[in-house]
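Our numbering numbers the first residue of the sequence shown as 16 and each following residue consecutively. In what follows, a structure is listed as structure tokens, so that the remarks can point back to it.
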Amino acid sequence: MTKRISLTRYLVEQQREHGHIPAQLRLLIEVVARACKHIAISVNKGALGEVLGSAGSENVQGEVQKKLDIIANEVLIEANEWGGHLAAMASEEMDSIHVVPNRYPQGEYLLLFDPLDGSSNIDVNVSIGTIFSVLRKVTNNRGVSEEDFLQPGKQQAAAGYCVFGPQSTLVLTVGEGVAMFTLDRETGSWVLTQENVQIPEDTKEFAINMSNMRHWDAPVRRYIDECLAGKEGPRGKDFNMRWVASMVADVHRILTRGGVFMYPWDQREPDKPGKLRLMYEANPMSFLIEQAGGMATNGRQRIMDVVPGKLHERVAVVLGSKNEVQRVTEYHLETTH
Ligand code: AHG
Ligand code: MN
Ligand code: MN
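In structure tokens:
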């Protein structure tokens, strides 16, 4: 029988080998993984679980909340607030931070999440997911405020996502490479199915919402125009396009077979740096991508170096296969503003 390595065993052995997963962090990761299992169950029930459709409310970003956005948010909060591993949580679906109530001990970590990524795909039965990022609380007084969260992504202690597709897959980094775990629905256990994930440096596949083309900046247009020109163009090869519209699914494809993903700044909302949120979408994905040998920038700067000014800050995103991200970034840097 082949040896099956559970998430728990993986974390224990990683701690033994590298000593970078203290007990509180291990508990945190296991609790998030368990919460993702609960979310997966709700996702799989679909219409039978009455989880589809709109909740009739709006979040702080002005987006209409789906029932599953709210369910996933609640599952993550309830699972995480009592364990003693966290000081506070922040979420796409909450205006301000959720401090661990006084009745529970307070831990040293901060957890950020996009409880349900790809909301527009929930009702149409296309892959969606949960994204999370873990920071350490730098100050050690009991009080915790939004300021504590405003750390650049390079300070993340762990990050990951769970994609709910034909399989449920948990993808994790604690800063020593990327590992993937597949949910065994019969035993209810997350089983290690891939270690040392590596993204090929070159690719022929790009992911961008082409319907926004007329709003893009010149460097993004140039890059995509060159891809579209194919074999006869300056790149001398044909490209393929994929856009799931769930960042988790697009990033999962890139971690699996390479590619470049872009959600650039565009002229629709010129005052916003981009659509995606820095702290619970771009940072955790950038950590995973870099740990797998890829690259992640906002077109000009490494995403994980961006110092956030606020919790729900947005950022332009270019990530994936190194040589393509490098090229898009160079095109931006050659253009002066
Ligand atoms: P969320 O559902 O958490 O709001 O995030 C959706 C994001 C991201 O997952 C995806 O890449 C992008 O929005 C899709 O945007 P378009 O609808 O513009 O394609
Ligand atoms: Mn999202
Ligand atoms: Mn979301």
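Ideal Cβ placement from N, Cα and C applies to all residues, glycine included.
Notebook entry, point to check: DSSP state of Asp218, grouped into three classes?
Noted result: The residue you asked about is not Asp; residue 218 is Thr in the sequence shown. Judged by DSSP in its simplified three-state form, Thr218 adopts coil rather than helix or strand.
Next item on the list: Can you grab the Cα-Cα spacing for the pair Arg236 / Pro215, in whole Å?
Entry: Spanning the two alpha carbons is a distance of roughly 24 Å.
Check: For the 8 Å Cβ check, are there 3 or more pairs between the segment 222-229 and the segment 101-108?
Finding: Taking a cut-off of 8 Å for Cβ pairs, the segment 222-229 and the segment 101-108 do not touch, as fewer than three such pairs fall below it.
Next item on the list: State buried or exposed for Leu348, treating a residue as buried only when at least 16 other CB atoms are found within 10 Å of its CB.
Entry: So Leu348 ends up on the exposed side.
Checklist line | Sub-8 Å separation of Gly158 and Ile143 beta-carbons | finding: Taking 8 Å as the Cβ cut-off, Gly158 and Ile143 do not qualify as a contacting pair.
Checklist line | Entirely enclosed alpha helix (DSSP H) segments - the segment 273-344, minimum 4 residues | finding: Look at the segment 273-344 and you find these whole runs of alpha helix (DSSP H), each 4 residues long or longer: 298-306.
Notebook entry, point to check: Looking at the unbroken alpha helix (DSSP H) that takes in Gly254, where does it start and where does it end?
Noted result: Contrary to the premise, residue 254 reads as Phe rather than Gly in this sequence. Per DSSP, Phe254 belongs to no alpha helix (DSSP H) and is neither H nor E.
Next item on the list: Mind checking who Ala174 pairs with in its DSSP beta bridge?
Entry: In the DSSP assignment, Ala174 is bridged to Ser148, Thr188.
Item checked: Beta bridge counterpart(s) of Ala103 as assigned by DSSP -> Bridge pairing for Ala103: Val114, Leu125 [DSSP].
Check: To the nearest angstrom, how far is it from the Cα of Gly122 to the Cα of Ile85?
Finding: One C-alpha to the other measures close to 25 Å.
Next item on the list: Taking only the alpha-carbon atoms, compute the straight-line gap between Ile146 and His267 and give it to the nearest angstrom.
Entry: Put simply, the backbone Cα of Ile146 is about 12 Å away from that of His267.
Check: What are the boundary residues of the beta strand (DSSP E) that Ser69 is part of?
Finding: Unbroken beta strand (DSSP E) run through Ser69: 69-73.
Checklist line | Ser57, enclosing alpha helix (DSSP H) - first and last residue | finding: DSSP places Ser57 in the uninterrupted alpha helix (DSSP H) bounded by 38-60.
Notebook entry, point to check: By Cβ distance below 7 Å, which residues in the same chain neighbour Cys242 in space, the five residues on each side in sequence not counted?
Noted result: Phe221, Arg250, Phe254, listed in sequence order.
Check: For ligand 2, which residues have a Cβ under 6 Å from at least one heavy atom, in chain order?
Finding: Any heavy atom of ligand 2 within less than 6 Å of a residue's beta carbon puts that residue on the list, which reads Asp129, Asp132, Met262, Glu296.
Notebook entry, point to check: Mind checking whether the beta-carbon of Leu67 lies closer than 7 Å to any heavy atom of ligand 1?
Noted result: Outside the cutoff, so no.
Check: Hey, out of Leu91, Val330, Thr351, whose CA is closest to Tyr176's CA?
Finding: Cα-wise, what sits closest to Tyr176 is Leu91.
Next item on the list: Let me know the secondary structure DSSP gives Ala404 once reduced to three states.
Entry: Residue coverage of the chain in this structure runs from 16 to 352, which leaves residue 404 outside it and unanswerable.
Notebook entry, point to check: Per DSSP, what kind of secondary structure is Pro130 in: helix, strand or coil?
Noted result: In the structure shown, Pro130 sits in a strand (DSSP, three-state: E or B).
Check: Cα separation between Leu101 and Asp110?
Finding: Rounded to the nearest whole angstrom, the CA to CA distance from Leu101 to Asp110 is 19 Å.
Check: Quick one: is the Cβ of Ser21 within less than 7 Å of any heavy atom of ligand 1?
Finding: Every heavy atom of ligand 1 is 7 Å or more from the Cβ of Ser21, so no.
Checklist line | For Asp163, the three-state DSSP class (helix, strand or coil) | finding: Assigned with DSSP and collapsed to three states, Asp163 falls in helix.
Item checked: 8 Å CB neighbourhood of Gln213 in its chain, flanking five on each side removed -> The answer, listed in chain order, is Ala307, Gly308.
Item checked: Under 8 Å between C-beta atoms of Pro116 and Gly99 -> No.
Next item on the list: Determine, using beta carbons only, whether Phe179 and Ala94 come nearer to each other than 8 Å.
Entry: Not closer than 8 Å, so no.
Note to self: Please state the DSSP three-state secondary structure of Lys81.
What the structure shows: The answer is strand: DSSP assigns Lys81 an E or B state.
Checklist line | Per DSSP, cross-strand counterpart(s) of Ala194 | finding: Under DSSP, Ala194 takes part in a beta bridge, and its partners are Leu187.
Next item on the list: Under 8 Å by Cβ, that's how I've got Arg151 and Ala172 pegged, so tell me the actual separation to the nearest angstrom.
Entry: Correct: roughly 6 Å between the Cβ atoms.
Note to self: Bridge partners for Leu207 per DSSP, in chain order?
What the structure shows: Partner residues in the beta bridge of Leu207, as assigned by DSSP, are Phe196.
Item checked: Nearest-angstrom Cβ-Cβ length linking Thr208 and Met228, presumed shorter than 8 Å -> Beta-carbon to beta-carbon, Thr208 and Met228 are separated by about 37 Å, too far to satisfy the 8 Å threshold.
Margin query: If you measure between the beta carbons of Glu328 and Met294, is that distance less than 8 Å?
Written below: Yes; because the gap between Cβ atoms is below 8 Å, this pair is in contact.
Margin query: Counting C-beta neighbours from all protein chains within 10 Å, is the total for Arg41 16 or more, i.e. buried, or is it exposed?
Written below: With 16 or more neighbouring CB atoms inside 10 Å of its own CB, Arg41 falls in the buried class.
Checklist line | Reference Lys337, options Leu303, Trp280, Val275, Gly289, closest by Cα | finding: Comparing Cα-Cα distances from Lys337 to each of Leu303, Trp280, Val275, Gly289, the minimum goes to Val275.
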